[in-house]
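Visitor: FYI, numbering that gives the first Met the number 0 numbers position 304 of the first sequence as 303, with every residue one higher than the one before it.
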Amino acid sequence: MSIGYACLTVGIPNTDLKSVTKKNATEERLKEVIQHNLNALENMIDYNSKQNIRLYRISSDLIPFGSSPVNTLNWGEIYGEDFRRIGKKIKNNDLRVSFHPGQYTVLNSPHSDVVERAIEDLRYHNKIMECMEIDFTHKIVVHIGGVYGNKEEAIKRFIQTFRKLDQPIKNRLIIENDDRLYTVEDVLGIAEACSIPVVFDNLHHTANHQGDPKTEAYWIKEVNNTWREMDGKQKVHYSQQASSKRIGAHTKTIYIGPFLDFYRTLPDTSIDIMLEVKDKNISTIKINNALSIDKNIARLEKEWARYKYAVLEKSPENYQAIRQLLKNKNEYPVIQFYQLIEEAMDTITFEGNAVNAAQHVWGYLNDGAIESEKRAFERNLTKYRNNEGKLRTVKNQLLKLAEKQAKDYLIQSLYFY
DNA sequence: TGACGTCAAGATCCG
DNA sequence: CGGATCTTGACGTCA
Numbered sequence: 000m001s002i003g004y005a006c007l008t009v010g011i012p013n014t015d016l017k018s019v020t021k022k023n024a025t026e027e028r029l030k031e032v033i034q035h036n037l038n039a040l041e042n043m044i045d046y047n048s049k050q051n052i053r054l055y056r057i058s059s060d061l062i063p064f065g066s067s068p069v070n071t072l073n074w075g076e077i078y079g080e081d082f083r084r085i086g087k088k089i090k091n092n093d094l095r096v097s098f099h100p101g102q103y104t105v106l107n108s109p110h111s112d113v114v115e116r117a118i119e120d121l122r123y124h125n126k127i128m129e130c131m132e133i134d135f136t137h138k139i140v141v142h143i144g145g146v147y148g149n150k151e152e153a154i155k156r157f158i159q160t161f162r163k164l165d166q167p168i169k170n171r172l173i174i175e176n177d178d179r180l181y182t183v184e185d186v187l188g189i190a191e192a193c194s195i196p197v198v199f200d201n202l203h204h205t206a207n208h209q210g211d212p213k214t215e216a217y218w219i220k221e222v223n224n225t226w227r228e229m230d231g232k233q234k235v236h237y238s239q240q241a242s243s244k245r246i247g248a249h250t251k252t253i254y255i256g257p258f259l260d261f262y263r264t265l266p267d268t269s270i271d272i273m274l275e276v277k278d279k280n281i282s283t284i285k286i287n288n289a290l291s292i293d294k295n296i297a298r299l300e301k302e303w304a305r306y307k308y309a310v311l312e313k314s315p316e317n318y319q320a321i322r323q324l325l326k327n328k329n330e331y332p333v334i335q336f337y338q339l340i341e342e343a344m345d346t347i348t349f350e351g352n353a354v355n356a357a358q359h360v361w362g363y364l365n366d367g368a369i370e371s372e373k374r375a376f377e378r379n380l381t382k383y384r385n386n387e388g389k390l391r392t393v394k395n396q397l398l399k400l401a402e403k404q405a406k407d408y409l410i411q412s413l414y415f416y
């Protein structure tokens, strides 16, 4: 089984993607941004390999206007070497990547121009994978599209359009249930007509199952039949409902308890699970640690180094509790560890705790700071205390100083994000 | 016409 | 002038 995340990393240097607006999309600017983004992608691939994160969704924004006439560059050739090098890393490290064009790529629209653009968009995504020379286990996930007042006709149009697609795209395309229009049952029917795999999304299913009483595990087993040898392992999307938010809104982090409850119901635990969550790689590492066969506490200590100041800011009590928890080096208390972190992060910030944590971090930077930086820190902190300034300002200054003083230990800290 | 989702660019404000 | 904060962009469908 592989656990993965989508598009962006949290807290990893040099992995940000740039974009260009239409009116500034000159060849020169596009070239700069594409080169920058490929570099960022390569850094993310390197990071994933190193962290043993084997599943990753590449952002559709990799090439700005990649499927639009606005971008006239022959980017496949210009950056051919970069693509092949990244592709090699993906293959050599046994990573599985995917794409997920958004809600604006609609194959079943009654408007032919919309469909044409959607097909161009699939060609764009497929072209990147071909440039990387990676096989058909690396997938492109789409939703079915709109209903337009007649679902039966809309489904027919999807199937007809699918039949016209280029063969390599047919080999990569997989389809997912959505949260409003197409249930997993609808998608299964379409998948059978097209002979392509289905991605089950648990939260979409919760939002859109029209009274269907069957369990998530049932549907995961059911859609497993759509995955053939050439498609690779079955893949599902997993996220959790944010309490007190709109149905379908997902949580900031994957809570370890509910995830393990879900995991235990799986008919086959060798499938790939894409986490759809705000904190991205953070949750992925959490789940990998929860499922790891290697139950060495060093894994948790490494995590603690990144979390500790963020926890200290929210809850000194949980900070102390985690320190106690990690004392016995023969244990692997992964669940309690993350639950204490989750509980702390869900606490509202108390000013005194935040000031304490900021001063704690400052303790590592004080000696290397010049007078004006010291004064700036005191000023920012006093302002925050008097409700005249934001905690964000204090943290941004601390991060800047950590970077200036090359305190890698601090730069990696989740305290800043 | 706004909401949906997403996140960086662009614009503007502040000291 | 730099940094912080806000608004816009880019896409299609639905209510």
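Glycine included, every Cβ here is placed at the ideal spot set by N, Cα and C.
Compare the Cα-Cα distances from tyrosine 306 to each of Glu275, Val360, Phe349 and Arg116 and report the closest residue.
Guide: Val360
Visitor: Express the C-alpha separation of alanine 304 and isoleucine 255 in angstroms, rounding to a whole number.
Guide: One C-alpha to the other measures close to 19 angstroms.
Visitor: Considering only C-alpha positions, which residue in the set Gln335, Tyr318 and Tyr416 is nearest to lysine 417?
Guide: The structure shown does not extend to residue 417, since the chain spans only 0 to 416, so no value can be given for it.
Visitor: Measure the CB-CB distance between isoleucine 89 and isoleucine 44 and report whether it falls below 8 angstroms.
Guide: Result yes, Cβ atoms of isoleucine 89 and isoleucine 44 sit closer than 8 angstroms.
Visitor: How about glutamate 215 and histidine 204: are their beta carbons less than 8 angstroms apart?
Guide: yes
Visitor: Where does isoleucine 272 fall in DSSP's three states?
Guide: Reduced to three states, the DSSP call for isoleucine 272 is strand.
Visitor: Can you tell which of Ile292, Leu325, Glu302 and Ala343 has its C-alpha closest to the C-alpha of asparagine 317?
Guide: Ala343
Visitor: Cβ atoms of isoleucine 57 and valine 96: under 8 angstroms apart, would you say?
Guide: yes
Visitor: Span of the alpha helix (DSSP H) holding valine 310?
Guide: 297 to 313
Visitor: Does the Cβ of serine 66 have 16 or more other Cβ atoms within 10 Å, making it buried, or fewer, making it exposed?
Guide: buried
Visitor: Can you tell me which residues form a DSSP beta bridge with arginine 56?
Guide: Residue pairing by DSSP places arginine 56 opposite Ala5 and Ser97 in a beta bridge.
Visitor: Expressed to the nearest angstrom, what Euclidean distance is found between the alpha-carbon atoms of isoleucine 154 and valine 146?
Guide: 8 angstroms
Visitor: For alanine 405, count neighbouring C-beta atoms within 10 Å of its own C-beta (all shown protein chains included) and say buried if the count is 16 or more, exposed if not.
Guide: exposed
Visitor: Between methionine 229 and phenylalanine 135, how many whole angstroms is the CB-CB distance? I'm expecting something under 8 angstroms.
Guide: 6 angstroms
Visitor: Indicate whether the contact test is met: 3 or more Cβ pairs, each with one atom in the segment 237 to 248 and one in the segment 191 to 202, closer than 8 angstroms.
Guide: Counting Cβ pairs under 8 angstroms, three or more are found: they touch.
Visitor: Suppose only complete runs of 4+ residues qualify. What are the alpha helix (DSSP H) ranges in the segment 320 to 382, listed by chain order?
Guide: Residue ranges of uninterrupted alpha helix (DSSP H) with 4 or more members, entirely inside the segment 320 to 382 and ordered along the chain, are 333 to 344 and 350 to 361.
Visitor: Opposite lysine 234 in the DSSP bridges: which residues?
Guide: Asp271
Visitor: With valine 19 as the anchor, note down where its beta strand (DSSP E) starts and where it stops.
Guide: No beta strand (DSSP E) holds valine 19; DSSP gives it neither H nor E.
Visitor: What separation, rounded to the nearest whole angstrom, lies between the Cα atoms of glutamine 319 and leucine 54?
Guide: Whole-angstrom Cα-Cα distance: 34 angstroms.
Visitor: Which value, in whole angstroms, describes the spacing of the CA atoms of leucine 7 and threonine 14?
Guide: Taking the straight line joining both Cα atoms gives about 8 angstroms.
Visitor: How do the segment 289 to 301 and the segment 330 to 338 stand: do at least 3 beta-carbon pairs fall below 8 angstroms, yes or no?
Guide: yes
Visitor: Exposed or buried, which one is aspartate 112 when buried takes at least 16 other CB atoms within 10 Å?
Guide: exposed
Visitor: Between which two residues does the alpha helix (DSSP H) harbouring phenylalanine 258 extend?
Guide: 255 to 264
Visitor: For lysine 150, list the residues DSSP reports as bridge partners.
Guide: Note: lysine 150 sits in no beta bridge, so no partner.
Visitor: Quick check on DSSP: helix, strand or coil for valine 198?
Guide: When DSSP states are grouped into helix, strand and coil, valine 198 belongs to the strand group.
Visitor: Among residues of its own chain, excluding the 5 on either side of isoleucine 246, which ones have a beta-carbon nearer than 6 angstroms to its beta-carbon?
Guide: Ala206
Visitor: Once DSSP output is grouped into helix, strand and coil, what is the label at isoleucine 133?
Guide: coil
Visitor: Below 8 angstroms between beta carbons: does that hold for asparagine 149 and isoleucine 139?
Guide: no
Visitor: Between which residues of its own chain and glutamate 372 is the CB-CB distance below 7 angstroms, once the five residues before and five after are set aside?
Guide: Leu400
Visitor: Is DSSP giving glutamate 80 helix, strand or coil here?
Guide: helix
Visitor: Could you tell me the distance, in whole angstroms, from the CA atom of isoleucine 85 to the CA atom of proline 257?
Guide: 35 angstroms
Visitor: Would the beta-carbon of isoleucine 168 fall within 8 angstroms of that of isoleucine 189?
Guide: Contact flag unset, no.
Visitor: Expressed to the nearest angstrom, what Euclidean distance is found between the alpha-carbon atoms of threonine 283 and lysine 234?
Guide: When rounded, the separation of the alpha-carbon atoms in threonine 283 and lysine 234 is 15 angstroms.
Visitor: Please identify the residue among Phe349, Gly79 and Asn365 whose C-alpha is closest to the C-alpha of asparagine 386.
Guide: Out of Phe349, Gly79 and Asn365, the CA that lies nearest to the CA of asparagine 386 is found in Phe349.
Visitor: Tell me, please, which residues DSSP counts as bridged to histidine 249.
Guide: Checking the DSSP bridge columns, you'll see histidine 249 partnered with Gln240.
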